[in-house]
Amino acid sequence: MTAVVYTKISETRGRARLWLEGTRLSKQGIQPGAKYQVQYDKDNERVLIHIGEGTRSVAKRKRKDKELPIIDIESHELAELFGGPVDRVRVLIKSNGIVVSLHHHDVAEKERYQRLFEKLAKGEPLNIGSIAHGGGVLDNAIHQGLELAGVKSRLAWAVEIEKKYLDASQENNPIWDDNSIAIEAPMEEVEYHRLPKVDMLVAGIPCTGASLSGRAKNKLKRAEEHETAGPLFVAFLEAIKVLNPAAIVLENVGPYQNTASYTVIQSVLMALGYEVHDKVLENMGSLEERKRLCMVAMTKGIHFDFSNVVPLRQAESSISEILENIPDDSPRWKDFAYLDEKEKRDKKAGKGFRRQILDGSEDRCGCCGAGYAKARSTEPFLKHPTTGKQRLFTPVEHARIKTIPEELIAGVSDTVAHEILGQSVIHTAFVAVGKEVGNRFRETATTQLAANVLAA
120 MTAVVYTKIS ETRGRARLWL EGTRLSKQGI QPGAKYQVQY DKDNERVLIH IGEGTRSVAK
180 RKRKDKELPI IDIESHELAE LFGGPVDRVR VLIKSNGIVV SLHHHDVAEK ERYQRLFEKL
240 AKGEPLNIGS IAHGGGVLDN AIHQGLELAG VKSRLAWAVE IEKKYLDASQ ENNPIWDDNS
300 IAIEAPMEEV EYHRLPKVDM LVAGIPCTGA SLSGRAKNKL KRAEEHETAG PLFVAFLEAI
360 KVLNPAAIVL ENVGPYQNTA SYTVIQSVLM ALGYEVHDKV LENMGSLEER KRLCMVAMTK
420 GIHFDFSNVV PLRQAESSIS EILENIPDDS PRWKDFAYLD EKEKRDKKAG KGFRRQILDG
480 SEDRCGCCGA GYAKARSTEP FLKHPTTGKQ RLFTPVEHAR IKTIPEELIA GVSDTVAHEI
540 LGQSVIHTAF VAVGKEVGNR FRETATTQLA ANVLAA
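To convert, take the position in the sequence shown, counting from 1, and add 119; that gives this note's numbering.
This is the structure we're talking about:
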């Protein structure tokens, strides 16, 4: 018979202490008075307790006419082996011996930290994995931010269900190299154990069920009810357990912060040894009023502070500064009278939907979503200087109001370009996030190198 106990290394009188008692010992035949010997296996970071030999004796405690065995070990060697008090250790108990080792979560935590540190120390590019990649706007921003902080990175692989988005990213996005892996698949069907481990995971879980419009359109009480997007956070967490990244950046719509999914994500990440930080980013040097939730999870030992994430540019003073030269007789100018009529009906019905008709003098505009090419009534339109016609932003203009590099949509149809842009982030905001992540990486590496020198 075998027993496994998950317990902790505590501290007593300045010394590390391991306390084991009760049925788990007695059921393996370990009884009070039995002799045992303690061996500290530093190479494998474990403690071996050999039963039936040595000079130590199993102690006892009486409870209701029963004598329960106790193994109580206090030593400085425990602290040296496990690094002081440890909240989680795994204890394997057999009749002839006991093996005490680090909890598997702590093993994973040490592995990802060491892997990151070694790459930073050698100046090697960090491997980045991307889930729900889209057109790669978020990844491009994080890559640029890391570069500003002096940290090299590369895209190891990217997962995206839509072929057209993945094609556009591979064609236009400089984050890809010859060894990057493109994976066209639903994120929940990917065999993450077959992929290279990554130092950083970047993800934008689809927000269809979390956005206010998505919940209203699909008549959902909660985000998790959405047929396809609702359960995707489970696949996201499973990927993290397998890939063991040192840092995670997740983006979504602001309301995602109040979902059960996000609460579970935070709780699981903290249990896995990450420190979780989040903030809804807005007005970070763009013309579009777009709020986006950003979560940054860092493995313990690497600090992060959103107060250091500051705008890297100043927004243009007016929308007119980013407009292309569209001729007055361009077919882009159209009669959208039917949308004006719809607005009148909405007003009469007491609905709050209103049109955004801009002349270019404005210093802000509302959000352009993934369906912007459909000319939906509540999204921004530009009015013709002399006629009553209107037009949508061109894809280039759409990119500019979000500060997204125009080359990311080069050669892509208007419809697909607007889809890529409409479901993306404010680029400059997440460049700032990437820069702060990079700064903290470098700070940690410098501190660790100094500690290693002192230890030597």
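Virtual Cβ for every residue (Gly too), placed ideally from N, Cα, C.
Here's the rule I'm using: 16 or more other beta-carbon atoms within 10 Å means buried, otherwise exposed. How should residue i be labelled?
{"i": "aspartate 447", "result": "exposed"}
{"i": "proline 499", "result": "buried"}
{"i": "leucine 568", "result": "exposed"}
{"i": "aspartate 424", "result": "exposed"}
{"i": "aspartate 160", "result": "exposed"}
{"i": "glycine 133", "result": "exposed"}
{"i": "threonine 422", "result": "For the sequence presented, residue 422 should be read as histidine rather than threonine. Per the 10 Å Cβ criterion, exposed."}
{"i": "methionine 414", "result": "buried"}
{"i": "asparagine 163", "result": "exposed"}
{"i": "isoleucine 168", "result": "buried"}
{"i": "serine 330", "result": "Since pLDDT at serine 330 reaches only 47, below the 50 mark, its modelled position is unreliable, and no value is offered."}
{"i": "glycine 507", "result": "exposed"}
{"i": "methionine 120", "result": "exposed"}
{"i": "valine 361", "result": "exposed"}
{"i": "glutamine 158", "result": "exposed"}
{"i": "proline 325", "result": "buried"}
{"i": "glycine 328", "result": "Since pLDDT at glycine 328 reaches only 49, below the 50 mark, its modelled position is unreliable, and no value is offered."}
{"i": "arginine 182", "result": "exposed"}
{"i": "tyrosine 393", "result": "buried"}
{"i": "threonine 566", "result": "exposed"}
{"i": "asparagine 444", "result": "exposed"}
{"i": "arginine 559", "result": "buried"}
{"i": "tyrosine 125", "result": "exposed"}
{"i": "threonine 382", "result": "exposed"}
{"i": "alanine 468", "result": "exposed"}
Please check the pair residue i and residue j, which I expect to be a contact at CB under 8 angstroms, by giving their CB distance rounded to whole angstroms.
{"i": "tyrosine 232", "j": "alanine 365", "result": "6 angstroms"}
{"i": "histidine 537", "j": "histidine 517", "result": "6 angstroms"}
{"i": "leucine 200", "j": "valine 166", "result": "7 angstroms"}
{"i": "isoleucine 476", "j": "lysine 502", "result": "5 angstroms"}
{"i": "alanine 379", "j": "valine 395", "result": "At roughly 16 angstroms, the Cβ-Cβ gap does not stay under 8 angstroms, so alanine 379 and valine 395 are not in contact."}
{"i": "alanine 301", "j": "alanine 322", "result": "That belief does not hold up - the Cβ atoms of alanine 301 and alanine 322 are roughly 16 angstroms apart, past 8 angstroms."}
{"i": "lysine 154", "j": "arginine 175", "result": "7 angstroms"}
{"i": "asparagine 298", "j": "leucine 527", "result": "Actually they do not touch by this definition, with Cβ atoms about 21 angstroms apart."}
In whole angstroms, what is the alpha-carbon distance linking residue i and residue j?
{"i": "valine 531", "j": "alanine 287", "result": "7 angstroms"}
{"i": "lysine 282", "j": "glutamate 303", "result": "6 angstroms"}
{"i": "glycine 541", "j": "leucine 369", "result": "17 angstroms"}
{"i": "leucine 320", "j": "leucine 458", "result": "42 angstroms"}
{"i": "leucine 267", "j": "arginine 136", "result": "46 angstroms"}
{"i": "alanine 275", "j": "alanine 570", "result": "30 angstroms"}
{"i": "alanine 335", "j": "glycine 373", "result": "Bear in mind that the predicted position of alanine 335 carries a pLDDT of just 48, short of 50, making it unreliable; the figure below should be weighed with that in mind. Their Cα atoms are separated by approximately 16 angstroms."}
{"i": "leucine 391", "j": "lysine 127", "result": "16 angstroms"}
{"i": "tyrosine 491", "j": "valine 387", "result": "36 angstroms"}
{"i": "arginine 495", "j": "valine 309", "result": "34 angstroms"}
{"i": "proline 151", "j": "methionine 389", "result": "39 angstroms"}
{"i": "glutamine 509", "j": "phenylalanine 236", "result": "54 angstroms"}
{"i": "glutamate 230", "j": "alanine 251", "result": "26 angstroms"}
{"i": "histidine 312", "j": "leucine 442", "result": "46 angstroms"}
{"i": "asparagine 427", "j": "glutamate 555", "result": "7 angstroms"}
{"i": "arginine 273", "j": "threonine 497", "result": "38 angstroms"}
{"i": "aspartate 478", "j": "glutamate 440", "result": "12 angstroms"}
{"i": "lysine 493", "j": "phenylalanine 455", "result": "12 angstroms"}
{"i": "valine 219", "j": "glycine 148", "result": "18 angstroms"}
{"i": "glutamine 289", "j": "aspartate 296", "result": "9 angstroms"}
{"i": "serine 543", "j": "alanine 564", "result": "31 angstroms"}
{"i": "isoleucine 212", "j": "leucine 197", "result": "18 angstroms"}
Does the Cβ-Cβ distance between residue i and residue j come in under 8 angstroms?
{"i": "isoleucine 280", "j": "glycine 216", "result": "no"}
{"i": "aspartate 533", "j": "proline 504", "result": "no"}
{"i": "valine 317", "j": "asparagine 246", "result": "yes"}
{"i": "glutamate 401", "j": "serine 437", "result": "no"}
{"i": "glycine 254", "j": "isoleucine 539", "result": "yes"}
{"i": "lysine 419", "j": "glutamate 228", "result": "yes"}
{"i": "glutamine 156", "j": "glutamate 172", "result": "yes"}
{"i": "arginine 209", "j": "valine 123", "result": "yes"}
{"i": "glutamine 376", "j": "valine 399", "result": "yes"}
{"i": "leucine 351", "j": "glutamate 307", "result": "yes"}
{"i": "valine 270", "j": "arginine 451", "result": "no"}
I'd like to know whether the C-beta of residue i is nearer than 8 angstroms to at least one C-beta of chain B.
{"i": "glutamine 385", "result": "Absent from the structure is chain B; it holds one protein chain and no more."}
Is residue i near the ligand NAD, with its Cβ less than 7 angstroms from a heavy atom?
{"i": "isoleucine 441", "result": "Ligands are entirely absent from the displayed structure, and the ligand NAD is therefore not among its contents."}
(request) Assess, as a yes-or-no matter, whether the stretch 479–488 is touched by the stretch 398–410 under the definition of 3 or more beta carbon pairs within less than 8 angstroms. (result) yes
(message) Assess contact between the stretch 125–145 and the stretch 179–194, defined as three or more Cβ pairs (one per stretch) separated by less than 8 angstroms. Is contact present?
(response) yes
(message) For the pair the stretch 216–225 and the stretch 238–248, tell me if three or more CB-CB distances fall below 8 angstroms.
(response) no
(request) Taking 8 angstroms as the threshold, find out whether the stretch 463–477 comes into contact with the stretch 543–559 through three or more Cβ pairs. (result) no
(request) Determine contact between the stretch 199–208 and the stretch 245–260, defined as no fewer than three beta-carbon pairs at a distance below 8 angstroms. (result) no
(request) Count the CB pairs spanning the stretch 423–439 and the stretch 391–405 that are closer than 8 angstroms, and state whether there are at least three. (result) yes
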